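Below you'll find the structure, written out as structure tokens, and then a few comments.
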Ligand SMILES: Cc1ncc(COP(=O)(O)O)c(C=O)c1O
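Chains as they are written, first to last, in my numbering: chain C, 1 to 247; chain Z, 1001 to 1391.
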């Protein structure tokens, strides 16, 4: 099952552009990840970290990102799309007013699941407890460091999709699929009952081909955000040629 | 019950909030550390270095003139006399040996005041390890002597220009480096903050401060002191100083930086004015906005200029094991000059906060035996201090 996703920093570079970029992306991709900006994004490289900081300087908050997610959700429903929206953020953004309250707000805006960049499997229970209550997906990670046992565990517990991180590194690095990660991807595919999706480092058609060779899909973030910073036309063209090459 | 629990929690505080990629490295570190703790040869090696290289035990000094002036019986635990000029070396020697034991050849560290950076670079030179230090641009400018020392010791110093360009941002960059290089590199974290097992490892390596103090004071008087006072940034000198006194009759007082005053952005008193939050790997008190963003903070002292604090301090706060108070820039500077001119000791601006609190509240402590942890010496701060006083 093909399952490709795109990542955009919420309400960046401005609300209007973000909404347009979202609808353009949703023509092609199966799911969207909305980055809810956090002041200290340790899993992000310079491009996405700086986009998050600028968004915060522009006054982006959880509330105004969720408002636009509601609009995107309406757009999905009105077009009869079968597409999902995930929020990607950091633990404190969910924890600070209580996890229950935040997840309830997320669910209310129509989000399908959450991805927390600084929450590993062993700390996930306190969050998953509430995503379960509100019927949201909780996304787990596989990394080049994952052991056989950890892969089995994650595959047994996962819902939504499995986020395979291609490398030891932050977002925005160059993709190199070495033997370790290829073995890990193959093992994950073997145990997974839901899509395995490769993220971190996907920048061009070649990377996409490589990802799709081993997994069910890819997530593209930094490369897309860079295009969006150039302009909506550049962004659209970039997605069109990705589509032409990956079907 | 001893803390942390097997998951790295001190009550509700602590944990391991890091990207999944780092989890196995942290588990490996915990295993290596447990082995190290019970390994006689390695413990002997550390004790030898602490004694012959670093200069332990450090003196416990009774400040006669200042005591007379204030009416408080004032003692100083002289961590400023430790090699490299601050308590930080206790931890870097321990973690340096751990790095060797794990077979890693490269260490990275964050630094605020530059004392942890210098102590890390020193251990790298001593043990033949490659060393990279991340330091905020703002801190580079206000702690220049330490930047030069690090470079002279052979470390690469990488300026961090994102965010507030201080300790918090240096930690972000160090964590990003660690995710990339986790196979070859040990992150030599400098305070009792960060993900499990760092808060425990750093506290344990710093415990020597308090255990020596206890012995030294008992040898003199056969009793315990009334109060132990230390400044709290991430909280390592305070945790190491307090640990052996927790649960005893001794009043432990942690002093946070009140900067220009207790308004948003003016201070970094995380325990005094923060709320529980998650930053840099652990759940602990945090200065944050109503939208869950980490707040901009400020202190004249680079080593205290941090919005978070180690999780065990949050636990001690909630269980009333330690009392946390604050001291402003102005009070700290005044204390720094007082100690310099009354006792001939130039303290670091960080440590000056601990003394500043006592000097401003000397009535309350009249006649009591108070030991202040003099966590570091003030040479690095001369430029900042001289801006404030006319000679
Ligand atoms: C002399 C000195 N004291 C205290 C601190 C604050 O750190 P901690 O709270 O971890 O002891 C520093 C940090 O750089 C320091 O250099």
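For glycine and all other residues, C-beta sits at the position ideal for the given N, C-alpha and C.
Please read these numbers as outputs of a predicted model, since none were measured by experiment.
Shortest Cα-Cα distance from residue 1197 of chain Z to any of Z:1028, Z:1372, Z:1011, Z:1071 involves Z:1028. Counting C-beta pairs with one atom in each stretch, the stretch 1218 to 1228 of chain Z and the stretch 1286 to 1295 of chain Z have fewer than three that are closer than 8 Å, which means they do not touch. Only buried fits residue 1090 of chain Z, as 16 or more other CB atoms lie within 10 angstroms of its CB.
Counting C-beta pairs closer than 8 Å gives three or more between the stretch 1135 to 1144 of chain Z and the stretch 1152 to 1171 of chain Z, which meets the contact rule. Within the same chain, Cβ atoms closer than 8 Å to the Cβ of residue 103 of chain C are found at 94, 114, 127, 130, 131, 133, 134, 136, the five residues on either side in sequence being excluded. As for any alpha helix (DSSP H) of minimum length 4 sitting wholly inside the stretch 1118 to 1192 of chain Z, the runs are 1137 to 1142, 1144 to 1152, 1167 to 1181, ordered along the chain. Relative to the Cα of residue 1025 of chain Z, the nearest Cα in the group Z:1278, Z:1323, Z:1117, Z:1188 belongs to Z:1188. Between residue 1076 of chain Z and residue 1374 of chain Z, the gap from beta carbon to beta carbon is short of 7 Å. Under the 10 Å beta carbon count, residue 1035 of chain Z is surrounded by fewer than 16 other beta carbons and is classified as exposed. DSSP places residue 1276 of chain Z in the uninterrupted beta strand (DSSP E) bounded by 1275 to 1279.
Listed by position along chain Z, the residues whose Cβ is nearer than 8 Å to that of residue 56 of chain C are 1293. Counting only Cβ-Cβ distances below 8 Å, residue 168 of chain C has contacts in chain Z at 1021, 1179, 1180, 1181, 1182, 1183, in chain order.
Buried is the label assigned to residue 1204 of chain Z, since at least 16 other Cβ atoms lie within 10 Å of its Cβ. Here DSSP, grouped into helix, strand and coil, assigns residue 1347 of chain Z to strand. For residue 1307 of chain Z and residue 1269 of chain Z, the gap between their C-alpha atoms comes out near 8 Å. Each residue's CA atom was taken as its position, placing residue 221 of chain C and residue 8 of chain C some 6 Å apart.
Using a CB distance below 8 Å, the part of the stretch 1148 to 1168 of chain Z facing chain C consists of 1162, 1163, 1168, ordered along the chain. Going by DSSP, residue 17 of chain C is part of the alpha helix (DSSP H) stretching over 15 to 28. Assignment of residue 82 of chain C by DSSP, reduced to helix, strand and coil, places it in the coil class. Here the distance from the Cβ of residue 1113 of chain Z to the nearest heavy atom of ligand 1 is below 6 Å. Between ligand 1 and residue 1170 of chain Z, a heavy atom-to-CB distance of less than 6 Å is absent.
In the structure shown, the three-state DSSP call for residue 31 of chain C is strand.
Inclusion of residue 40 of chain C and residue 3 of chain C in the CB contact set at 7 Å is not warranted, their separation being larger than that value.
Bounds of the beta strand (DSSP E) holding residue 1229 of chain Z are 1227 to 1231. Not flagged as an interface residue toward chain Z: residue 68 of chain C, since no C-beta distance is shorter than 7 Å. In the DSSP assignment, residue 1325 of chain Z falls within the beta strand (DSSP E) that extends over 1323 to 1328. Linking residue 1216 of chain Z to residue 1102 of chain Z through their CA atoms gives a straight-line distance of about 35 Å. A straight line joining the alpha-carbon of residue 85 of chain C with that of residue 191 of chain C spans about 25 Å.
Along the stretch 160 to 237 of chain C, the beta strand (DSSP E) occurs as fully enclosed runs of 3 or more residues at 162 to 165, 196 to 199, 217 to 220, listed in sequence order.
Residues are counted here when their Cβ sits less than 7 Å from a Cβ of chain C; for the stretch 1001 to 1012 of chain Z the count is zero. Distance check between residue 1253 of chain Z and each of Z:1241, Z:1344, Z:1060, Z:1259 places Z:1241 closest, using alpha-carbon atoms only.
Rounded to the nearest whole angstrom, the CA to CA distance from residue 65 of chain C to residue 10 of chain C is 6 Å. Assignment of residue 1380 of chain Z by DSSP, reduced to helix, strand and coil, places it in the helix class. Counting only residues of its own chain and dropping the five nearest sequence neighbours on each side, residue 1017 of chain Z has a CB closer than 6 Å to the CB of 1278, 1281. CA-CA distance, residue 1045 of chain Z to residue 230 of chain C, rounds to 57 Å.
Contact check for residue 38 of chain C against residue 90 of chain C passes: the beta carbons are separated by less than 7 Å.
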